[in-house]
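Okay, so here's the structure we're looking at.
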Amino acid sequence: MRRDVKPDEKDSGGRTPLSHAAKEGHAEVVWLLLTRGDIDIHSKDSRGQTPLFHAAANGRKTIISML
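Structure below.
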């Protein structure tokens with residue numbers, strides 16, 4: 001992953017790439033984002049939901065344990 005990518009940049013709903021990856025179950029992407037060390041894993045979207053919430057709401061057990 002390029003270092004000039006902004007991993008905490010939010011879309012129109014306030015979701016970050018980590019939120020999307022957690023929701024969709026993309027464990028490798030979640031791992032890559034987490035290893036950067038410069039992201040906020042507790043970032044909330046416009047509905048107050050975190051990446052952990054998105055993972056749990058969609059039954060992503062592997063990602064839940066990563067977060």
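Residue numbers 1 to 67, in UniProt numbering, belong to the letters of the sequence shown in order. Ideal Cβ positions, reconstructed from N, Cα and C, are used throughout, including at glycine. Just so you know, these numbers come straight off a predicted model, no measurement behind them.
When the options are compared against residue i, the one with the closest alpha-carbon
i, options, result
"Asp40", "His20, Phe53, Ala56, Thr16", "Thr16"
"residue 69", "Leu52, Thr62, Leu33", "In this structure the chain extends from 1 to 67, so residue 69 is not present and cannot be described."
Buried versus exposed call for residue i [16 or more other C-beta atoms within 10 Å across all chains shown]
i, result
"Arg60", "buried"
"Ser12", "exposed"
"Thr35", "exposed"
Cβ separation of residue i and residue j, assumed to be a contact under 8 angstroms, to the nearest whole Å
i, j, result
"Ile64", "Ala56", "6 angstroms"
"His42", "Ser19", "No, His42 and Ser19 are not in contact; Cβ-Cβ is about 11 angstroms, not under 8 angstroms."
"Pro7", "Asp45", "Contact flag wrong, Cβ pair sits at about 15 angstroms."
Run of the alpha helix (DSSP H) containing residue i, from where it starts to where it stops
i, result
"Glu28", "27-36"
Rounded separation between residue i and residue j - CA only
i, j, result
"Trp31", "Met66", "8 angstroms"
"Glu24", "Gln49", "15 angstroms"
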